[in-house]
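Here's the structure, in structure tokens; my notes come after.
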Amino acid sequence: MNQTLILASQSPRRKELLAQLGYQFDCISSDIDETELMGESASHYVNRLALAKAQHIAKNQPDTTIVLGSDTTVVYQNTILGKPETLAESINMLTMLSNNTHHVLTSVAAVKGSKSNVIEVITDVTFKALTEQEMINYWHTNEPQDKAGSYGIQGIGGQFVTHINGSYSAVVGLPLYETTQLLAEFGLPSPIAYLNDSAVQRKKVEKQ
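In terms of the numbering used here, the sequence shown opens at residue 1283 and continues consecutively.
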């Protein structure tokens, strides 16, 4: 039975990462309330949102459809850093991260009919010391406005990072290894698993 895959997001970063793995999929934006609950931990927050995004789309899909939801948040000293709305908020967040190590939590949820599962990946990211002028200039690039923690590691903000311990793709928005493992659990193995030896040999010949 053919299965279809839906990414419950319109994030260009997540679309690019999932496409990088070779899957064929559709994208449907999942519009849910992302407000933190009182006393909610960062881990519970990202897991809850990833699952909620997937469930929101899956409820209108047939049982043969796998829906993938994901959420990423930046945490410094147990404080969740969301998307800044003002320059002042951006400076406040980047000041926390400056010359310090923070955690980036990314959760990926898969839902297919009544089955669901969530995985979480935690990556440590260390920043160089930032000047206030750098923070101001960075804000005016318009990159921080829609990024958790007020920076994008795959963009201009990548120059602030001195060290990363964990999954780079998870910080961008979708952990490649863990996503592949999760989809295989739901009966959708990596596309390269479908290649037989003769197909692989043909590719080798074509490249020669």
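The beta carbon of each residue, even a glycine, is placed where N, CA and C say it ideally should be. Note that the structure is a prediction, hence the values are computed from the model and not measured.
- If you look at Thr1377, you'll find it in the alpha helix (DSSP H) that goes 1369-1379.
- Secondary structure at Asn1399: strand, using DSSP grouped into helix, strand and coil.
- Contact annotation, Ala1391 with Ala1336: C-beta distance approximately 4 Å; criterion of less than 8 Å satisfied.
- Non-local C-beta neighbours of Ser1380 in its own chain, meaning closer than 6 Å and more than five positions away in sequence, comprise Phe1409, Ala1411, Leu1412, ordered along the chain.
- Ranked by Cα distance from Ala1370, the first of Gly1455, Asn1419, Val1357, Leu1333 is Asn1419.
- About 15 Å separates the Cβ atoms of Val1454 and Leu1350, ruling out a contact at the 8 Å cut-off.
- Looking from the CA of Thr1405, the closest CA among Ile1435, Ile1446, Thr1423, Thr1286 belongs to Ile1446.
- Taking all protein chains in view, the Cβ of Gly1431 is crowded by 16 or more other Cβ atoms within 10 Å, so the residue is classified as buried.
- With a cut-off of 8 Å on Cβ pairs, the stretch 1356-1373 is in contact with the stretch 1313-1332, counting three or more such pairs.
- Out of Gln1306, Val1393, Val1403, Gly1395, the CA that lies nearest to the CA of Leu1456 is found in Val1403.
- Shown here for Gln1436: same chain residues with a beta carbon closer than 7 Å to its own, the five before and five after excluded, namely Arg1295, Val1454 in chain order.
- The shortest CA-to-CA distance from Glu1414 to any of Ile1348, Glu1367, Leu1333, Thr1377 is the one to Thr1377.
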